[in-house]
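In my numbering, the protein residues as written are 10 to 108.
A quick write-up on the structure given underneath.
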Amino acid sequence: MIYLCGFLSLALIGLSAGAYLQLPRASHLPMQWGLDGRPTWSAPRGLALCLTPLLAGGFALLFHLLADAGPAAIALILGAFTAAHILHLVLVRRHLTQD
Numbered sequence: 010m011i012y013l014c015g016f017l018s019l020a021l022i023g024l025s026a027g028a029y030l031q032l033p034r035a036s037h038l039p040m041q042w043g044l045d046g047r048p049t050w051s052a053p054r055g056l057a058l059c060l061t062p063l064l065a066g067g068f069a070l071l072f073h074l075l076a077d078a079g080p081a082a083i084a085l086i087l088g089a090f091t092a093a094h095i096l097h098l099v100l101v102r103r104h105l106t107q108d
């Protein structure tokens, strides 16, 4: 299970690195969308792509230290962050290429 945690952590970093290189150039990337499908706020490109991996690592560490969560629980947390990150990157790509 610890290998799965490592794999998911590396996947988050790899997804961000790949997106940085492949997404159309924009100084800011959308972070949240309203019900009408338009972005409600954006963040600088570097922060937008690093935020989810940093949050995932932080939450995994907190759960490990404070809640004494085992590898299975941490893998579940990292898996949820990975799925959310993939969705975010898909939505960002769609937004940047729709014009």
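We put the CB at the ideal spot given by N, CA and C, even for glycine.
Computed from a predicted model, the values in this text were never measured in an experiment.
Considering only residues of the same chain and omitting the five flanking positions on each side of Ile95, which have a CB-CB separation below 8 Å? If you ignore the 5 residues before and after Ile95, its C-beta comes within less than 8 Å of the C-beta of Leu24, all in its own chain and listed in chain order.
How big is the Cα-Cα spacing for Arg34 and Val99? Rounded to the nearest angstrom, the two C-alpha atoms are 15 Å apart.
For Pro80, write down the residues that DSSP places opposite it in a beta bridge. DSSP lists no partner for Pro80.
Going straight from the alpha carbon of Pro53 to that of Ser36, what length do you get? Rounded to the nearest whole angstrom, the C-alpha separation of Pro53 and Ser36 is 6 Å.
Quick check on Ala65: buried or exposed, where buried means 16 or more other Cβ atoms within 10 Å of its Cβ? Ala65 is buried by the Cβ-count criterion.
Which same chain residues end up closer than 6 Å to Leu62 when comparing Cβ atoms and leaving out the 5 residues on each side of it in sequence? According to the sequence displayed, residue 62 carries Pro and not Leu. Leu21, Ile22, Ser25.
Considering only residues of the same chain and omitting the five flanking positions on each side of Leu87, which have a CB-CB separation below 7 Å? Answer for Leu87: Cys14, Leu17, Ser18, Ala65, Ala69, listed in chain order.
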